[in-house]
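In order, the protein sequences belong to chains A and B. The first sequence maps to residues 1 to 283 in this note's numbering. The second sequence maps to residues 1 to 433 in this note's numbering. Presented below is the structure to which this report refers.
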Amino acid sequence: MTRIPGALAAIAVAIALATPALAVTTQTPPLSVHWSFQGPLGMYDQEQLQRGYKVYREVCSACHSMNMVAFRNLGDPSGPFWDPKYPNPNDNPVVKAIAKEFQIADIDNDTGDAIKRPGTSADYFPAPFANEAASRASNGGAYPPDMSLLAKAREGGAAYIYSIVTGDGVATPHALTMPPGKYYDPYMAGDLGANWTGNPNDVPLGGVIAMPPPLTAGRVTYDDGMKASINQEAYDVAAFLQWAADPKMEERKQTGLAVLIFLLIFSGLLYGSYRTIWREVGH
Amino acid sequence: MSGPSTYEPNTAIERWLDTRLPIVRFSADLMAFPTPRNLNYWWTFGGILAFCLGVQIVTGIVLAMHYDASGAGAFISVEQNIMRDVNYGWLIRDLHATGASMFFLAVYIHILRGIYYGSFKPPREVLWLLGCVIYVLMMATAFMGYVLPWGQMSFWGAKVITSLLGAFPVVGKAITTLLWGGFSVDSPTLNRFFSLHYLLPFVIAAVVGLHIWALHVPGNNNPTGVNVKSKTDTVPFHPYYTVKDGFAVSLFMILFAVFVFFLPEALAKADNYIPANPLQTPPHIVPEWYLLPFYAILRAIPDKLSGVLALAGAIGMLFALPWLDTSKVRSMRYRPTARIFFLVWIVAVMALGWCGSQEPQGAVIPGVTGPTLIDYDINSVTWLSRIASLYYFTYFLIITPLLGLRETPLPAPDSLYTPVLAAPPAASATVQA
């Protein structure tokens with residue numbers, strides 16, 4: 001009787017060894033970052049959003065669109081340039097000035113000709129490329145994703161964006177050969193087995209990214225005098241993108257707090273009513 | 001409604017109306033409905049579900065005012081207009097999206113309560129069947145609703161699930177073409193899903209009406225499963241159960257609010273914030289959590305058509321339950337053996353839910369590789385799904401019929417009120433809970 005399990009085990013081992021190893025997608029988990037907006041009562045840090053906007057404007061927006069965000073949104077409550085003096089963000093002078101920096105495609109009302117005119121608060125951020133094909137042509141075949149919802153569209157959110165940006169192109173191991181125009185990023189999902197010439201059991205975690213390392217120290221000059229290290233720039237732009245993806249977060253959390261306080265009191269009253277009504281009834 | 005009406009029209013106008021359209025009598029009888037006095041909190045989920053349906057219909061109607069059911073406009077209308085520009089649009093959308101999960105959470109508790117306390121047994125089979133119909137309608141509605149934001153998971157979920165119907169021989173292709181409104185999932189699919197997603201909740205509301213009607217003929221079951229025998233066994237629905245259900249709904253709203261205001265992304269998937277792209281398949285397509293056990297059963301079976309039939313059969317088991325259970329005792333409170341098999345069944349369903357969320361070839365115990373059997377490693381998620389599916393069906397088809405014939409139940413009380421009176425104060429508290 002003992003022979004049969006032994007034979008079965010031998011067959012099992014043979015089958016297991018015969019099974020080819022599957023390609024495995026790996027990535028390093030996003031770095032753990034502390035955010036002002038984390039937790040049930042965490043809110044955006046307006047100064048950080050302003051710094052993050054500057055990084056977006058001067059670096060990211062060269063390739064990435066942000067189609068769902070209008071200039072007026074920058075002056076909305078909890079936005080980077082919200083000013084209680086201007087409850088209507090369209091009147092906010094900072095917002096107006098930012099909008100004017102952009103040329104917006106329009107139609108001339110008198111002639112019908114396609115024209116460009118300076119932006120107004122009501123306009124949306126114009127995309128850097130006319131269409132996806134133009135974008136791919138300028139970016140080595142890759143399509144930089146729209147940034148309006150990026151922080152929600154990636155597992156890990158703002159921490160993932162922070163990690164991807166800081167991990168891009170840094171510390172590429174020697175045995176890793178990258179195709180031209182591509183960079184190693186440990187936080188990107190991928191399978192580097194084919195690019196790896198070292199020990200096959202030590203294939204580095206991570207994947208290939210087509211975005212050249214976007215940030216350098218001092219790439220932007222912060223208006224508030226903060227030192228612009230790579231980590232600081234990445235931290236600020238990730239927070240800005242979190243705001244862009246979830247601009248109603250502060251309103252949502254504040255409403256939620258009031259709703260919960262109300263419901264707790266309401267439940268208490270209902271429980272009291274329940275006890276009173278059922279007092280005389282065995283059940 | 002069962003029992004004689006106790007309503008007395010007191011004013012001239014009520015008497016006039018009562019002989020023409022006795023709507024006041026109907027409402028009064030509904031409120032005075034004799035309800036067992038020993039119902040525990042598991043019985044409050046009927047009221048909670050009515051609340052959930054109301055929330056979904058009201059928020060859904062408002063969302064439809066701002067939604068654009070077209071392939072080009074759907075994603076923008078949700079993520080740009082509703083979430084950013086519509087006043088409190090984010091709140092209405094989060095209530096609706098989270099509401100779907102809350103609705104299913106409540107319906108699963110309601111179904112489990114029905115099974116545990118034998119609420120499907122005579123004379124409540126029709127009541128139970130109507131509940132099963134509501135559940136199927138809910139799944140169809142939720143599935144089509146998830147397609148509407150037209151993100152990646154919406155699109156690919158729709159593609160995977162509708163393609164299943166293509167597995168049927170001869171008619172399969174015609175069914176998918178009709179469902180898609182073309183030869184692949186596209187704008188026409190979205191349009192007809194929107195139309196049906198708006199229609200079905202009202203069908204659900206109608207079947208809920210029948211469900212409540214079918215409840216009011218035999219009356220409520222209760223935790224002992226013993227029939228109501230005298231007037232002292234019951235209390236009027238109002239105010240006794242309006243206040244108890246109201247309290248439970250209020251507690252449920254707290255849970256609901258925590259998700260809506262503080263964790264709106266907890267039940268969402270990141271991929272669905274990427275607009276639908278027919279040319280790019282997401283690496284990992286997963287349905288919403290409430291459909292995962294059925295998805296796992298589907299994937300457990302190597303053949304596509306058999307998988308689809310197993311999925312349908314798994315839901316069919318619920319419909320057949322009143323005729324599969326041979327036990328004369330309703331409540332599992334007096335069926336200790338049945339209770340164990342039922343708890344294992346719940347564990348199996350949860351295991352299936354976990355399996356449905358994982359890659360089919362993923363390891364159950366990390367780092368362990370075993371022999372491969374029928375395409376998959378025996379330590380794979382697929383094999384766990386197979387074992388759990390087998391138990392799922394065995395529970396209904398073999399354990400439930402045989403156990404009713406062979407087990408020795410504990411003695412049930414003579415009246416549903418007896419355990420309340422007889423129990424010492426401490427035990428009486430647990431009966432209440």
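Backbone N, C-alpha and C define an ideal beta-carbon position, used for all residues, glycine too.
**OP:** Mind checking which residues open and close the alpha helix (DSSP H) that includes residue 105 of chain A?
**Re:** Run containing residue 105 of chain A: none in the alpha helix (DSSP H); it sits in the beta strand (DSSP E), 103–107.
Original post:
Using 7 angstroms as the limit for Cβ to Cβ distance, is residue 401 of chain B near chain A?
Top reply: no
Subject >> Residues from the region 232–263 of chain B in contact with chain A, defined by Cβ distance under 8 angstroms >> reply: With the criterion set as a beta carbon lying under 8 angstroms from some beta carbon of chain A, the members of the region 232–263 of chain B are 235, 239, 240, 243, 244, 246, 247, 250, 251, 253, 254, 257, 258, 260, 261, 262, in sequence order.
Subject >> Residue environment, residue 186 of chain A, which counts as buried when at least 16 other CB atoms sit within 10 Å >> reply: Its Cβ being crowded by 16 or more others within 10 Å, residue 186 of chain A is buried.
Original post:
Are any of the Cβ atoms in chain B nearer than 7 angstroms to that of residue 68 of chain A?
Top reply: yes
Subject >> Start and end residues, alpha helix (DSSP H) containing residue 143 of chain A >> reply: Careful: residue 143 of chain A lies outside any alpha helix (DSSP H) and carries neither H nor E.
Original post:
Rounded to the nearest angstrom, how far is the Cβ of residue 273 of chain B from that of residue 149 of chain A, given a contact under 8 angstroms?
Top reply: 4 angstroms
Original post:
Taking the DSSP output, what are the residues bridged to residue 116 of chain A?
Top reply: A:105.
Original post:
Which residues, in chain order, does the region 142–173 of chain A contribute to contact with chain B at a C-beta distance below 7 angstroms?
Top reply: So the close ones are 149, 152, 153, 154, 155.
**OP:** Can you have a look at residue 46 of chain B and say buried or exposed, based on whether 16 or more other CB atoms are within 10 angstroms of its CB?
**Re:** buried
Original post:
Does DSSP put residue 337 of chain B in a helix, in a strand, or in coil?
Top reply: Looking at residue 337 of chain B - three-state DSSP - the assignment turns out to be helix.
**OP:** Output the distance between the C-alpha atoms of residue 275 of chain B and residue 30 of chain B, rounded to the nearest integer angstrom.
**Re:** 48 angstroms
Original post:
How would you list, in chain order, the residues of chain B whose beta-carbon sits under 7 angstroms from the beta-carbon of residue 266 of chain A?
Top reply: At a C-beta separation below 7 angstroms, residue 266 of chain A has these neighbours in chain B: 250.
Original post:
How about the region 77–97 of chain A and the region 239–253 of chain A: do they share at least three Cβ pairs that are nearer than 8 angstroms?
Top reply: Of all C-beta pairs linking the region 77–97 of chain A to the region 239–253 of chain A, three or more are shorter than 8 angstroms, placing the two stretches in contact.
Original post:
Hey, residue 235 of chain B and residue 386 of chain B: beta-carbon distance below 7 angstroms or not?
Top reply: no
Original post:
Does the beta carbon of residue 227 of chain A sit closer than 7 angstroms to a beta carbon anywhere in chain B?
Top reply: no
**OP:** Taking residue 256 of chain A as the query, report the chain C residues whose CB atoms sit under 9 angstroms from its CB, ordered along the chain.
**Re:** Absent from the structure: chain C. Protein chains present are A and B.
Subject >> Cβ shell of residue 188 of chain A (< 8 angstroms), same chain only, five flanking positions each side left out >> reply: 27, 164, 167, 206, 207, 208, 209
**OP:** For chain B, find out if any of its Cβ atoms is closer than 7 angstroms to the Cβ of residue 259 of chain A; answer yes or no.
**Re:** yes
Original post:
Does residue 273 of chain B come within less than 7 angstroms of chain A when only Cβ atoms are used?
Top reply: True, the Cβ-Cβ gap to chain A drops below 7 angstroms.
Original post:
Interface residues of chain B around residue 78 of chain A at Cβ under 7 angstroms?
Top reply: None at all; the shortest Cβ gap to chain B is about 12 angstroms.
Original post:
How about residue 142 of chain B and residue 49 of chain B: are their beta carbons less than 7 angstroms apart?
Top reply: In this structure, residue 49 of chain B does not lie closer than 7 angstroms to residue 142 of chain B by Cβ.
Original post:
Between the region 286–298 of chain B and the region 365–380 of chain B, do at least 3 Cβ pairs fall closer than 8 angstroms?
Top reply: no
Original post:
If residue 146 of chain A and residue 65 of chain A are in contact, beta carbons under 8 angstroms, what's the gap, nearest whole angstrom?
Top reply: 5 angstroms
**OP:** Consult DSSP for residue 16 of chain B and reduce its assignment to one of helix, strand or coil.
**Re:** Looking at residue 16 of chain B - three-state DSSP - the assignment turns out to be helix.
**OP:** Could you give the DSSP three-state label for residue 369 of chain B: helix, strand or coil?
**Re:** coil
Subject >> Residue from A:228, A:183, A:85 whose Cα sits closest to the Cα of residue 171 of chain A >> reply: A:183
**OP:** Using a threshold of 7 angstroms, state whether the C-beta atoms of residue 127 of chain B and residue 210 of chain B are closer than that.
**Re:** Taking 7 angstroms as the cut-off, the Cβ atoms of residue 127 of chain B and residue 210 of chain B do not count as close.
Original post:
Of all the CB atoms in chain B, is at least one closer than 7 angstroms to the CB of residue 274 of chain A?
Top reply: yes
Subject >> chain A residues whose Cβ lies nearer than 7 angstroms to that of residue 397 of chain B >> reply: The premise fails here: residue 397 of chain B is roughly 30 angstroms from chain A at the closest Cβ pair, so nothing lies under 7 angstroms.
Subject >> Completely contained beta strand (DSSP E) runs for the region 163–221 of chain A, where each covers 3 or more residues >> reply: 183–185, 207–209, all fully within the region 163–221 of chain A.
**OP:** Tell me, please, whether the CB atom of residue 41 of chain A is closer than 7 angstroms to any CB atom in chain B?
**Re:** no
**OP:** Please go through the region 216–260 of chain B and give each complete alpha helix (DSSP H) segment of 4 or more residues, from N-terminal end onward.
**Re:** 237–257
**OP:** Give the DSSP-derived three-state secondary structure of residue 363 of chain B in the structure shown.
**Re:** strand
Original post:
Which first and last residues belong to the alpha helix (DSSP H) in which residue 162 of chain B is found?
Top reply: 152–165
**OP:** Find out if the Cβ-Cβ distance for the pair residue 308 of chain B, residue 167 of chain B is shorter than 7 angstroms.
**Re:** In this structure, residue 167 of chain B lies closer than 7 angstroms to residue 308 of chain B by Cβ.
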